[in-house]
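Undergrad: Just so you know, we're using the working numbering here: the sequence shown kicks off at 1 and counts up by one. Idealized CB from N, CA, C, for every residue including glycine. Let me give you the structure first, and then I'll get to my questions.
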Amino acid sequence: MIFADDAARNSSRELLRVENLAKRYDGETAIARVSFSIAAGEILGIVGPNGAGKTTLLEVLAGLLPAEQGVAFWCGEELPQQRRKEALFYLPDGIRPYQDRFAIDVMTFFARVYKRTEAQVAATIASVGLTPVLGKRVHALSKGFSRRLLLGLGLLTPHDVLVMDEPFDGFDIRQTRAIIDVIRQEAARGRTFILAIHQLADAERACDRFLLLAGGKVRGIGTLGELRAKTALAGGSLEEIFLALT
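This is how it looks when you write it as structure tokens:
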């Protein structure tokens, strides 16, 4: 397998493809035959309201949950569930890793694990805006700074694909814009992102393409332009498109 530290990335190549992923809980469908692909350096938004199946999809994709059906491919080769963590780094919603440790210690620990230099750590801390809270314990961080810490940890990993659940929850407008800028800069360098987002305006600003999910089913997929063409909503917002398709 090719990972971020192993070779130069080619933003035109298909990196990951999933076909017909399905998951049920107690006989109820959580996700139904979800298929999509993503290219290197792309930002894909999994968009939908709470309860749409976004988190389940991410957990199945990351290999944390078994699927009843479906297969994933990495650079054209099948990627079984037990090997997903080699390719994808998953940042869940609402977790605070190593809660009793100082934020700087957590960043330093990840840097040692992934053999990052002090310069790389310093650059990551600056890019995600963690400097003011490095001396605080993780449990004392605000929701927004907890999100920044998670993103910082993800950026320190060598994984080509970062999978993030609600990455902008807890940020105000300015903070959201700043984090979107960080993600887009990383994508421009070839990092690939799959973001589950329920705020459609944030998704529209952050993502290159969108997978619209409702009731566990894909209701549309494509760029904003492609979705506008599909719905005949020239100039329509992502919110208007989502309402039209669901």
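If you draw a straight line from the alpha carbon of I194 to that of G135, how long is it in whole angstroms?
TA: 30 angstroms
Undergrad: If you reduce the DSSP assignment to three classes, tell me which class T246 lands in.
TA: coil
Undergrad: At what residue ranges does the stretch 9-92 contain a whole run of the beta strand (DSSP E), taking only runs of 3 or more?
TA: Those beta strand (DSSP E) runs which fall completely within the stretch 9-92 and span 3+ residues are 14-25, 28-39, 43-47, 69-74 and 88-91.
Undergrad: What are the start and end residues of the beta strand (DSSP E) that includes R184?
TA: R184 -> not in any beta strand (DSSP E); alpha helix (DSSP H) instead, spanning I173 to A188.
Undergrad: DSSP has G222 in a bridge; who is on the other side?
TA: F210
Undergrad: With distances taken between CB atoms, is the gap from A103 to L141 smaller than 9 angstroms?
TA: yes
Undergrad: If you draw a straight line from the C-alpha of E239 to the C-alpha of K85, how long is it?
TA: 33 angstroms
Undergrad: According to the neighbour-count rule (16 or more other Cβ atoms, all chains shown, within 10 Å of its Cβ), is I241 buried or exposed?
TA: buried
Undergrad: Tell me the start and end of each unbroken beta strand (DSSP E) in the stretch 107-178 that is at least 3 residues and wholly inside, in chain order.
TA: If you keep only unbroken beta strand (DSSP E) runs of at least 3 residues inside the stretch 107-178, you get 161-165.
Undergrad: Hey, would you say M164 sits closer than 9 angstroms to L151, going by beta carbons?
TA: yes
Undergrad: With the cut-off set at 9 angstroms, would you say F168 and A206 are in Cβ contact?
TA: With respect to A206, F168 sits close: the two C-beta atoms are nearer than 9 angstroms.
Undergrad: For the beta strand (DSSP E) containing V196, list its first residue and its last residue.
TA: In the sequence under discussion, the amino acid at residue 196 is Ala, which differs from the Val named in the question. Note, A196: beta strand (DSSP E), T192 to I197.
Undergrad: Between the Cα of L245 and the Cα atoms of R148, R184 and V47, which residue gives the shortest distance?
TA: Residue nearest to L245 within the set R148, R184 and V47 is V47 (criterion: CA-CA distance).
Undergrad: Please go through the same chain and pick out, in chain order, the residues whose beta-carbon is closer than 8 angstroms to the beta-carbon of A87, but skip the five residues on each side of it.
TA: If the five residues before and after A87 are omitted, its C-beta is found closer than 8 angstroms to the C-beta atoms of M1, F3, L16, W74, L79, H159, D160 and V161, all from its own chain and listed in chain order.
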